[in-house]
Amino acid sequence: MKQTDIQFYKITRSMISGEKEIKAVIPYDSYAVFKNPALLADNNKFTMVKGRNTYDVVPYQDVFNFAISEKLKIALEQNGITGWLCYPIIIDGIKGNYFGFWVTGKGGRVTKFDKDGAVPMLKPLKWDQTAWDGSDIFNIEDTGIKACTPRAAEIFHQFNCKSIIVKPL
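Per our numbering, residue 16 is the first one in the sequence shown, and the count goes up by one each step.
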C-alpha cells in the first residue's frame, strides 16, 4: 500500500484497578506468542491471577497479549474488521466465553526513533505505511505495538471497551 493520510490508532491496556488478569497454565514466551499463539491455542487453559472485575478485554499476565469476550468477537466479525484471528480459551474463575486475540495484520517498520535509538512512546510514531497490508488491525513491525484504522477504533469506542485504550498513534 502507499503512504496515506489516515489517522491510525494505537491499542494499549488501560490498567484499570481491580480488573481481572489471566495467566496460561503452561509457561510461554510472551513475545513469541504475540507473533504466533499456536502454543496457547493448543494449550488453552488459563487461570485468573488477580482482580475482581471482568470486562470485554481481559489481559494476560504479560504486556503483549489479551483475550476478548464473545460479544466483542461477534461485533468485530459483524463489522468486517480485518487483521485478527482468535482462538477459544478456558478461564477458570471467569464466566462466559473468551478468546485469545491474535493480530495478524502487518504494518511497516518504525522510521523515526528517539535520540537513544528506542521506539518513541510519548510522541507520534512514524512508520513505513507503504508496507501496511491494509488490515483494520495490525502490528507495527518489530515492536509490540498494536495499531488500527479509524474504522476499527470506532468499533472499540462504540463497544465501550474499558480495559483497552485506543488513541491516536
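Ideal placement from N, C-alpha and C gives every residue a C-beta, glycine not left out.
With a 10 Å radius around its C-beta and 16 neighbouring C-beta atoms as the bar for buried, classify residue i as buried or exposed.
i	result
G115	buried
E92	exposed
P74	buried
A82	buried
Determine the DSSP secondary structure at residue i, reduced to helix, strand or coil.
i	result
K177	coil
L140	coil
I89	helix
P42	coil
Under 9 angstroms between the Cβ atoms of residue i and residue j?
i	j	result
G122	W142	yes
I152	I26	yes
T62	G33	no
Y24	A168	yes
V118	W99	yes
K65	E36	yes
Legend entry - At least three beta-carbon pairs within less than 8 angstroms, the region 60-70 to the region 157-172: no
Inset, instruction - Take every Cβ of the region 41-49, pair it with every Cβ of the region 86-102, and state whether three or more of those distances are shorter than 8 angstroms. - result: no
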